[in-house]
Amino acid sequence: MPATPRAFGPAAPVRWPRWQDRWSRPTLRLRCATESDLPVLAGIQEGGLRPFVEAYYPWDPRSFREHFRPEETRVLESARGIAGFYQIQSRADHLFLAELHVELGHRNHGLGELLLNCALAEAEAENLPLRLWVLRNNPARQLYLRLGFRDSGEGSCHLVMERGTSGNQTSANGPVLSPTRSTLTPKRSSNETYRFVMGLPR
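Following our numbering, the numbering of the sequence shown begins with 1 at its first residue and continues without gaps.
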């Protein structure tokens with residue numbers, strides 16, 4: 001039975017990840033996805049995942065579009081456009097990180113770690129472990145291990161990884177952001193955003 005889609009979190013305070021800039025201090029913002037984001041997000045997902053998927057089975061471009069839920073998806077934007085996104089789902093006893101991808105032109109600047117810390121902040125706020133699947137040939141597993149995830153199961157071509165709640169977020173540094181997750185609910189007409197300071201090349 002499919003899980004009921006959840007809004008962008010309860011009204012509990014969240015200690016969102018902090019970050020230290022190194023270059024020009026451009027602003028990043030995290031917002032809810034909309035239906036109009038789908039083509040761009042599908043392209044980012046394909047660019048990041050297809051090479052690894054095709055080592056095991058044919059790529060199906062319909063899969064992401066069929067399972068896309070704006071209310072479960074958080075989009076990270078820079079002045080240059082969408083930098084990446086993640087999709088997080090509620091399950092009975094954990095949160096499931098269904099997608100996490102960084103756009104090609106924004107890679108190698110720590111944004112994958114930033115997005116993962118945002119997802120971990122959501123799990124911490126709900127006092128639930130965060131679980132994900134990663135293909136065996138995907139080097140992203142090293143990031144997950146570095147941020148405290150551990151193997152908890154396996155499939156024919158993927159590993160199941162999980163990180164429990166720790167009560168704090170210490171893997172990033174910089175200015176503290178303490179919004180409430182409820183301000184990002186899609187039902188808010190203002191579509192308020194959270195701003196992150198992060199260095200990207202000019």
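For every residue, glycine included, the Cβ atom is placed at its ideal position computed from N, Cα and C.
- Distance between Gln142 and Thr34, taken at the CA atoms: about 31 Å.
- For Ser156, the secondary structure class from DSSP, reduced to helix, strand or coil, is coil.
- A straight-line Cα-Cα distance of about 20 Å links Val160 and Ser63.
- For Glu99, DSSP records a beta bridge to Gln87.
- Put simply, the segment 72-83 touches the segment 111-131. At least three CB pairs are less than 8 Å apart.
- Around the beta-carbon of Glu154, fewer than 16 other beta-carbon atoms lie within 10 Å, marking it exposed.
- In this structure, Ala140 keeps its C-beta atom at 9 Å or more from the C-beta atom of His106.
- A residue is called buried once 16 or more other Cβ atoms fall within 10 Å of its Cβ, and Asp37 is buried on that count.
- Spatial neighbours of Thr165 in its own chain (CB-CB distance under 6 Å, excluding positions within 5 residues in sequence) are listed in chain order as Glu124, Asn127.
- Taking all protein chains shown into account, His67 has fewer than 16 neighbouring C-beta atoms within 10 Å of its C-beta and is therefore exposed.
- By the criterion of a C-beta distance shorter than 7 Å, Arg136 is surrounded in its chain by Cys157, His158, Leu159, once the five residues flanking it on both sides are discounted.
- Its Cα nearest to that of Gly48, the residue His101 stands out among Ala92, Phe85, His101, Arg65.
- For Glu124, the uninterrupted alpha helix (DSSP H) segment begins and ends at 111-126.
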